[in-house]
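Asker: Got a structure here, written out as structure tokens. Questions coming.
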Ligand code: SAM
Ligand code: SF4
């Protein structure tokens, strides 16, 4: 049993870690043929990509995927702990699984992902969810096959959570959800410790993958016909800092752009590490998509300081405008938190005025959620929830106004769209533009997913655009 420990999770000792290659134990390869698994993923793209690795490990053990948990022999939740509602959803699902366990005693239930790293979650599981078979942390995901095998043999609760990141594992198998768009991890963890955020505790310190391993992965995706890669990390701009003296995110982006891949995206960028070299490279290469997600969190320098964000309103705006000026046609998106402890009406008005100035193309807006173990959890928070909800509504009204205004400017223009499928309306295709806008469109000829087509935009909505293939 390894239980999570926040003191260890917070420590950042610079001890070297090993880089190891994943190998499935031959004794469990295809051992569970005929058994079925149900996997539910919560949270960000990194969790979605981890689930692609989880599926591949399970399938190598012989399991097949099912969409209905009633049909499964193994139920697995890949969880997120960024806000309280993500927690509640996962616990709600575990509650539903209890009835299945009562009916089918040998069913195996597992929980992995960020929630597994939290001390309070483990205590809750030990108190109220003892029927679970295993909990596996983010740092030892590669042990999943052995943990499942042991669970099936022993049928008693196993908790395997390493608080400190261990080895950096290469060569995990992957079953990609999509055959033309792929996620590629470039850096794990986060050292920023924004005061509200749980990620540095659940994902450990910043650890970059070697550039050769990343470039090889992208080359093999190109060989397999992939059209778009998204480089992933909690803070991709910190890429390379822990590994190289003279090779950083700017260099990596450039080396990937020189490969024969039509679309390169990256997320997420912290404003702190965004270098001029990166901006230059994004502007120079037409296959690096002109779409930058640059979370601001607040428009008030006072609140930014309380959040530990390491930049001010002024320095954010300077960076924002530099990117806008140097990358032609770039679409900017952001994340904003309202109701951070101590946020006053004047601070909130500064957030609104920053949004008025930046006119973001997209924005994810949240009410501050207390995360146990983070410094902000201990701050005095006098603002009533009703006031926070009202601020969120006022903020959403302003961000939505600019989404529509920006989209309206695209009417009667032609955008390059990567075809992703048939939309829910059935009579239209859908896909994303270079600036990451969702486009629903018609076509006289049949299209295949992964094709890039020219679409003339006929009408704009707040969250999408309609058009027809030229
Ligand atoms: N690393 C990214 C960055 O710094 O911009 C963000 C990663 S986080 C998964 C995505 C977003 O969740 C953050 O940008 C923030 O807006 C939001 N978030 C994180 N912790 C939160 C909390 N405790 N309450 C509300 N929103 C939170
Ligand atoms: Fe969380 Fe801040 Fe790290 Fe983003 S940069 S993951 S918000 S601590």
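Numbering (the working numbering), first residue to last: 8 to 477. Even for Gly, the Cβ is constructed at its ideal location relative to N, Cα and C.
1) Going along the chain, which unbroken runs of the beta strand (DSSP E) with 3 or more residues stay wholly within the stretch 281 to 327?
2) If you count every other CB in all the chains shown that lies within 10 Å of the CB of residue 23, and 16 or more means buried, which is it?
3) Hey, could you find the ends of the beta strand (DSSP E) residue 472 is sitting in?
4) Just to check my reading of the structure: residue 148 and residue 60 have Cβ atoms closer than 8 Å, yes? What is that Cβ distance to the nearest angstrom?
5) Inspect the beta-carbon positions of residue 399 and residue 349 and report whether they are closer than 8 Å.
6) Are at least three pairs of beta-carbons, each pair with one atom in the stretch 388 to 406 and one in the stretch 418 to 433, less than 8 Å apart?
7) Hey, could you find the ends of the beta strand (DSSP E) residue 142 is sitting in?
8) Comparing the CB of residue 242 with every heavy atom of ligand 2, is any distance shorter than 7 Å?
9) Return the residue from the list 461, 220 and 412 that minimises the CA-CA distance to residue 436.
10) Have a look at residue 383 and residue 315 and give me their C-alpha separation to the nearest angstrom.
11) So for residue 424, helix, strand or coil by DSSP?
12) Which same chain residues end up closer than 7 Å to residue 249 when comparing Cβ atoms and leaving out the 5 residues on each side of it in sequence?
13) Could you tell me whether the stretch 21 to 41 touches the stretch 188 to 201, using the rule of 3 or more Cβ pairs below 8 Å?
14) Residue 180: which of 270, 404 and 56 sits nearest, CA to CA?
15) Cβ atoms of residue 326 and residue 281: under 8 Å apart, would you say?
16) When you compare only the Cα positions, how much space is there between residue 253 and residue 155?
17) Taking DSSP as the reference, what is the three-state secondary structure of residue 246?
18) Please name the residue or residues paired with residue 274 in a DSSP beta bridge.
19) What residues match up with residue 165 in a beta bridge as DSSP calls it?
20) In this structure, what does DSSP give as the bridge partners for residue 176?
21) Any heavy atom of ligand 2 closer than 7 Å to the Cβ of residue 452?
22) Cβ of residue 307 within 8 Å of Cβ of residue 255?
23) For residue 26, count the other beta carbons within 10 Å of its own beta carbon; 16 or more makes it buried, fewer makes it exposed. Which is it?
24) Any heavy atom of ligand 1 closer than 7 Å to the beta-carbon of residue 319?
25) So, do the stretch 194 to 213 and the stretch 411 to 422 have three or more beta carbon pairs nearer to each other than 8 Å?
26) When you compare only the Cα positions, how much space is there between residue 364 and residue 343?
27) Residue 117 and residue 5 - do their beta-carbons sit closer together than 8 Å?
28) How close, in whole Å, do the beta carbons of residue 236 and residue 297 come, if the pair is a contact with beta carbons under 8 Å?
29) Decide if residue 232 is buried, meaning its Cβ has at least 16 other Cβ atoms within 10 Å, or exposed.
30) Mind checking who residue 197 pairs with in its DSSP beta bridge?
31) Between which two residues does the alpha helix (DSSP H) holding residue 134 run?
32) Determine, using beta carbons only, whether residue 431 comes closer than 8 Å to chain B.
33) Looking only at its chain, what residues have a beta carbon closer than 6 Å to the beta carbon of residue 83, apart from the 5 residues adjacent to it on each side?
34) Relative to the alpha-carbon of residue 52, which residue among 124, 361, 157 and 242 has its alpha-carbon at the smallest distance?
35) State the Cα-Cα distance for the pair residue 217 and residue 457, rounded to the nearest angstrom.
36) What does residue 463 pair with, by DSSP beta-bridge criteria?
Answerer: According to the structure shown:
1) 298 to 300
2) exposed
3) 472 to 476
4) 7 Å
5) No, Cβ-Cβ distance for residue 399 and residue 349 is not below 8 Å.
6) no
7) 141 to 143 is the extent of the beta strand (DSSP E) around residue 142.
8) yes
9) Of 461, 220 and 412, the residue nearest in Cα terms is 461.
10) Approximately 10 Å between the Cα atoms of the pair.
11) DSSP places residue 424 within a strand segment (E or B) once states are collapsed to three.
12) Here the set comprises 213, 214 and 215.
13) Below 8 Å, too few C-beta pairs join the stretch 21 to 41 and the stretch 188 to 201 to call them touching: fewer than three.
14) It is 56 whose Cα lies nearest to the Cα of residue 180.
15) yes
16) 42 Å
17) coil
18) 239
19) 141
20) For residue 176, the beta-bridge partners assigned by DSSP are 27.
21) Set against 7 Å, the gap from the CB of residue 452 to the closest heavy atom of ligand 2 is not smaller.
22) no
23) Flag for residue 26 reads exposed.
24) False, no ligand heavy atom lies under 7 Å from that Cβ.
25) With the cut-off at 8 Å, the stretch 194 to 213 and the stretch 411 to 422 do not touch.
26) 15 Å
27) This structure cannot speak to residue 5, because the chain is shown only from 8 to 477.
28) Contact flag wrong, Cβ pair sits at about 16 Å.
29) exposed
30) According to DSSP, which records beta bridges pairwise, residue 197 is partnered with nothing at all.
31) 126 to 135
32) Chain labels in this structure do not include chain B; a single protein chain is all it has.
33) The answer, listed in chain order, is 46 and 117.
34) 242
35) 28 Å
36) 421 and 475
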